[in-house]
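Following: one structure in structure tokens, then a few remarks.
Numbering (our numbering), first residue to last: 59 to 398.
Dropping the structure here:
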């Protein structure tokens, strides 16, 4: 199977170069595997000690990158309401790296994501991750402040860390009134959040206002107005990736596949979350029966940070189309392990 064949290197220097190429592609697990194989080969051949140090350093860097990916996966899992999966990812972080900043962040998020001791209060669901928004999120019962142990702005800061870095910087400057509205939205207090965003209209960048309003209207089931708001946000600021991605999701969920593909094509052409856009395009191809097109896109995504999500989809479609041998290779290489 040519598109998943592994090219085995025979010397430590070959493995070092191959690992470095994987690092450049953000394929951190594959990079670490190459570095570990190279380190073992050095030991077996009694190679130069300096190369062993290089491999050890590269392994630590790859582990840090894997830890960061697990934190990202945890945040997205929690935004979908899956606190258990989020905590599993965060526990992995603590076994991957000795980096104190990453371990501290993991510990802090574990504290936030862990359910309260009382059975009467449901944990909040974070809704700020643009790539995870949608109507499939579980509804939360109304309760007190999401985490009474944290000051409002500190909790808000944790929520917005899930945003793309450029948008995170913008959101960090929007003030306490917006933070109240944003946290209300994260608790699924949609009407309260809408009213609060309206009160902030004159103080907000208008693309952010229309994006947040559109996202809430979608969750309330008003996709027609939600689409109008999201398109308004894009019109005001084409560089804001969040309304682009949310619009594509809204269109896909409404089975408006051609409109969704048009939006996705514009994202790819504009280098706006291109990997997320390609994943969405592959899912639409799969949903509409264009299996070969879906397979090709999932394979392309195997060399990106979205490798596991792509591999899960690819594995399923290969089984569905009777390609059990190819599916077995994908499972062995990408799915018979977590990001550990």
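Even for Gly, the Cβ is constructed at its ideal location relative to N, Cα and C.
Residue i to residue j span [Cα, whole Å]
i           : j           : result
residue 165 : residue 346 : 42 Å
residue 281 : residue 297 : 23 Å
residue 387 : residue 369 : 10 Å
residue 258 : residue 239 : 9 Å
residue 144 : residue 237 : 23 Å
residue 351 : residue 359 : 13 Å
residue 318 : residue 114 : 45 Å
residue 287 : residue 275 : 9 Å
residue 384 : residue 392 : 12 Å
residue 289 : residue 75  : 45 Å
residue 327 : residue 320 : 11 Å
residue 162 : residue 73  : 32 Å
residue 88  : residue 249 : 46 Å
residue 111 : residue 95  : 14 Å
residue 81  : residue 254 : 44 Å
residue 390 : residue 260 : 54 Å
residue 215 : residue 292 : 25 Å
residue 212 : residue 170 : 11 Å
residue 219 : residue 226 : 6 Å
residue 382 : residue 141 : 33 Å
residue 130 : residue 256 : 30 Å
residue 198 : residue 315 : Confidence at residue 198 is low in this model, with a pLDDT of 35, below 50, so its placement is unreliable and the value that follows should be read with caution. When rounded, the distance between both Cα atoms is 30 Å.
residue 270 : residue 246 : 13 Å
residue 341 : residue 79  : 28 Å
Residue i vs residue j beta-carbon contact at 7 Å
i           : j           : result
residue 83  : residue 125 : no
residue 372 : residue 356 : yes
residue 336 : residue 306 : no
residue 167 : residue 154 : no
residue 265 : residue 295 : yes
residue 251 : residue 242 : yes
residue 150 : residue 128 : yes
residue 90  : residue 120 : yes
residue 217 : residue 244 : yes
Other residues of its chain near residue i: CB distance less than 7 Å, five sequence neighbours each side excluded
i           : result
residue 116 : 77, 93
residue 109 : 70, 100
residue 349 : 375, 379
residue 283 : 275
residue 132 : 144, 147, 148, 167
residue 312 : 281
residue 278 : 248
residue 364 : 333, 337
residue 232 : 262
Assigned secondary structure, residue i (DSSP; H/G/I helix, E/B strand, else coil)
i           : result
residue 233 : helix
residue 334 : helix
residue 226 : helix
residue 260 : helix
residue 405 : This structure does not reach residue 405, given that the chain is present from 59 up to 398, and the question cannot be answered.
residue 364 : coil
residue 221 : coil
residue 116 : helix
residue 339 : helix
residue 175 : Model confidence at residue 175 stands at a pLDDT of 49, short of 50, so the residue's coordinates are unreliable; what they give is reported in the following sentence. Looking at residue 175 - three-state DSSP - the assignment turns out to be coil, as it is neither helix nor strand.
residue 245 : coil
residue 381 : coil
residue 153 : helix
residue 373 : helix
Bounding residues of the alpha helix (DSSP H) (the contiguous stretch that carries residue i)
i           : result
residue 269 : 264 to 277
residue 393 : Taken as a continuous stretch (DSSP letters only), residue 393 belongs to no alpha helix (DSSP H), as it is neither H nor E.
residue 299 : 299 to 311
residue 249 : 248 to 257
residue 215 : 210 to 218
residue 70  : 70 to 82
residue 161 : 158 to 171
residue 316 : 315 to 327
residue 139 : Note, residue 139: premise wrong, no alpha helix (DSSP H); not H, not E.
residue 351 : 349 to 359
residue 289 : 281 to 294
CB contact check: residue i to chain C, cutoff 7 Å
i           : result
residue 379 : The chain labelled as chain C is not found in the depicted structure, where only one protein chain is given.
Cβ-heavy atom distance, residue i to the ligand NAP, below 6 Å
i           : result
residue 134 : Summarising the ligand content, the structure contains no ligands, and the ligand NAP is consequently not present.
Neighbourhood of residue i by C-beta, 8 Å cutoff - its chain only, sequence neighbours within 5 removed
i           : result
residue 362 : 83, 84, 85, 333, 368
residue 228 : 263, 266
residue 285 : 272, 305, 308, 309
residue 344 : 352, 371, 375
Sequence-distant residues of its chain with Cβ nearer than 6 Å to residue i (five each side left out)
i           : result
residue 299 : 222, 330, 331
residue 122 : 155, 157
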